[in-house]
Amino acid sequence: MIGYVRDHIAGLLEAVGIGEQYITLTDPPQKKMGDVAFPVFQYAKELKKNPIEVANGLAEKFNQETEDTLVERAEAFGPYVNFFLNDRELASVVLNLGERVRPRVADSQGTIMIEFICANTHKAFHIGHLRNAILGESLVRLHEYAGYRVIRTTYGGDVGMHIAKCLWGIEHWQDDGYDAAKKNVLVSERMKFIGKAYAYGATQFEKDEKAQEEIKRYNEMIYQKDPGIADVYETTRSWSLENLERIYQLLDIRFDRYYFESEVFDRAIEIVSEGLANGIFEKSDGAVIFRGSAHDLHDRVFLNRAGLPTYEAKDLALAEKQFDEFHPDAIYHVIGPEQSEYLKVLFKTLEFTLPESKGKEFHIPYGWVDLKGVKMSSRTGDVVTAEDLIAEVKMSIREHMDSSEAKANVSSEEKERIIENVSMGAVKYAFLKTGRVNNITFDVQESISTSGDSGPYLLYIVARFKSILAKNTSDIRVSSVTVPDVLNPFERAVIMKLGEFEGVVHEAIEAKDPSKIAHYQFELSQVANQFYHECPVLDSEEMVRRFRLTLIETVVRTMEHGFDLLGITTVENM
RNA sequence: GUCCCCGUAGUUCAAUGGAUAGAAUAGGAGCCUUCUAAGCUCUAGAUCGUGGUUCGAUUCCACGCGGGGAUACCA
């Protein structure tokens, strides 16, 4: 429902004597039952009267006492009082509102840090990471729109056991694998080798005690920056970073600050050692732990028996650095649900080691990404990488493009740009349309679908409207447009939907869930598409043409804005 | 065992405590001398179970059942 209209009607209801606390407004189930509904149950209960009688009386009273240009009349439907809006006023309000739909640049809400894609080096970037990346970017944009100053950060695990497993794997898996990878110019091929080597190391770690001992030794060497492995470590690390950077570019993601575990582990040891002296931590079984169980949580190890920091300890030092460098009012960690319990312990620990962090650290979990029919596991190297998926989607979009008729005036560079934008739109929409906390069972076939509830469908609707605007020669400045007294059902449906935009964005920010926007984009597309089929624009009589052009211009602008919040770019042709 | 998420049409997803629980997809039938057929129109099907709170529960609470995750020296 349109925010302005809701506030307006609430005001009118108060004017006829309804207490604010009884007013909640909803949408009627059918168009013919009005535009806004007021359920009177609460109010009737207070009066100790039958809700149906109350609704009847109230509707009558409202009509007698209220003079309003926007609300034409009220009518009782059972225990509801429904309001009918004047077409002309409604259209004026919404189209005017369309003018105001723009990213805000205000900087008044404070500073937040959004930390996402905490991808480890030496590991494949799979579709789970892809969801994180796309979600994180959208959350950044939503909060920027809401008026926050947003610091974009990522934290890479470039030291620790997973690297040790990989380096050990490189050494033992294939005699000439590493040399072959070095000779290969393709980063993606190099990363495939890294993935295989990691998988081998991880499997041997579990199967073979001797390998396990050696890998632990490798881990110590990494922390000690041992010259014996320095070269292979640095080389493979830079491959990983190069690969990540390529993916960020593909996704149109940037960061203000890249944090690495390697820059915090020294300080991590200090923090825990100091905390041990202060009684925050305690020794247990040779390790240094935080007694989470004393706070209804669970115990965690911060320094292992070898005196090396676990990721728990490193996170303490990271937080210290983040607050020190940016003084954020809040830090949102966009991390998978499996870390949810861990993060509770971490945040509790931070209250002791870094009191200023109290109440400012938040976990933004998101659902798991499973492959339909397949079990994904980076331990066995059995993953669908982001790159594989994007390549597959691109191929499918390209096929469509080649067989499409509407590419007459499109140059080959333009065509490549379209394929790029539509493909990324398809992938991003596929991940964002599901509610944030819900798991996604990902179907590659479905993700390359271009019909129905998909990115390409939405972009297609926009492209068709843009095409009309491009062909237009009429003057559609605000001063030249007249709103008709009566809207047809298709025009009306589009206008009602357009009016919901602001409220939806608000909900999305509140819930930190871009899927609300994605759903809205789809709904707006559907009603706009019906309008497209039923209402000729360019062939209409002058007044109607100008009005409808204004309407579709607002649709395009609103869609583009919604897409921008999702990190998706529209196209002119497809 | 304990703790945390999640259970809605065949499938993938919606639904600030409100009226007849919506879409998409899969199947069937139509629609291109008409602003792009990546489109449109018509056609069936669902709230895991049992209680509780409420005028009203998919939504909130309790207990089951089912799926996933976490639970000490990996991240």
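Using the working numbering, read the first sequence as starting at 8 and increasing by one per residue. Every residue gets a Cβ at the ideal spot worked out from N, C-alpha and C, and that includes glycine.
- Exposure of residue 446 is indicated by the presence of fewer than 16 other C-beta atoms within 10 angstroms of its C-beta.
- Between residue 563 and residue 476 the beta-carbon gap is near 7 angstroms, inside 8 angstroms, which marks them as a contact.
- By the neighbour-count criterion, in which 16 or more other beta carbons inside 10 Å mark a residue as buried, residue 495 falls on the exposed side.
- Bounds of the beta strand (DSSP E) holding residue 46 are 43-46.
- Linking residue 28 to residue 20 through their CA atoms gives a straight-line distance of about 11 angstroms.
- Shown here for residue 312: same chain residues with a beta carbon closer than 6 angstroms to its own, the five before and five after excluded, namely 293, 294 in chain order.
- By the neighbour-count criterion, in which a residue is buried when 16 or more other Cβ atoms sit within 10 angstroms of its Cβ, residue 237 is exposed.
- The DSSP-derived three-state label of residue 568 is helix.
- Residue range 194-214 is occupied by the alpha helix (DSSP H) that includes residue 198, with no beta strand (DSSP E) assigned at that position.
- Straight-line measurement puts the Cα of residue 129 at about 27 angstroms from the Cα of residue 369.
- Sorting 515, 153, 259 by C-alpha distance to the C-alpha of residue 523 places 515 at the top.
- In this structure, the beta-carbon distance from residue 30 to residue 44 does not fall below 8 angstroms.
- According to the DSSP secondary-structure assignment, residue 370 is paired through a beta bridge with 340.
- Taking C-beta atoms as the reference points, residue 86 and residue 36 fail to come closer than 8 angstroms.
- By the Cβ-count criterion, residue 76 is exposed, with fewer than 16 other Cβ atoms from all chains shown falling within 10 Å of its own Cβ.
- By alpha-carbon distance to residue 465, the top candidate from 491, 565, 420, 327 is 565.
- Per DSSP, residue 519 lies in no beta strand (DSSP E) segment and is marked neither H nor E.
- Taking the C-beta atoms as reference points, residue 440 is found nearer than 8 angstroms to residue 525.
- Residue 89 is classed as buried because its beta carbon has at least 16 other beta carbons within 10 Å across all chains shown.
- With fewer than three CB-CB distances shorter than 8 angstroms, the stretch 537-551 does not count as touching the stretch 181-190.
- With contacts defined by Cβ atoms closer than 8 angstroms, residue 144 and residue 175 do not form a contacting pair.
- Distance check between residue 338 and each of 430, 371, 321 places 371 closest, using alpha-carbon atoms only.
- Its chain contains 61 as the residues whose beta carbon lies nearer than 8 angstroms to that of residue 54, once the 5 sequence neighbours on both sides are disregarded; these appear in chain order.
- Each residue's CA atom was taken as its position, placing residue 333 and residue 427 some 35 angstroms apart.
- Straight through space, the alpha carbons of residue 231 and residue 239 are spaced by roughly 15 angstroms.
- If you draw a straight line from the Cα of residue 319 to the Cα of residue 570, it is about 37 angstroms long.
- Going by DSSP, residue 162 is part of the beta strand (DSSP E) stretching over 156-163.
- The beta-carbon separation of residue 434 and residue 468, rounded to 18 angstroms, does not stay under the 8 angstroms limit for a contact.
- In chain order, 121, 157, 159 place their CB closer than 7 angstroms to the CB of residue 147, counting only its own chain and leaving out the 5 sequence neighbours on each side.
- Under the DSSP assignment, residue 354 falls outside any beta strand (DSSP E), being part of the alpha helix (DSSP H) whose first and last residues are 347-360.
- Distances from the alpha-carbon of residue 26 to those of 41, 49, 489, 345 put 49 closest.
- With a threshold of 16 other beta carbon atoms within 10 Å, residue 261 falls short and is exposed.
- In the structure shown, residue 21 falls within a helical segment according to DSSP collapsed to helix, strand and coil.
- By the Cβ-count criterion, residue 211 is buried, with 16 or more other Cβ atoms from all chains shown falling within 10 Å of its own Cβ.
- Secondary structure of residue 30 (DSSP, three-state): coil.
- For residue 474, the enclosing alpha helix (DSSP H) has its first and last residue at 462-478.
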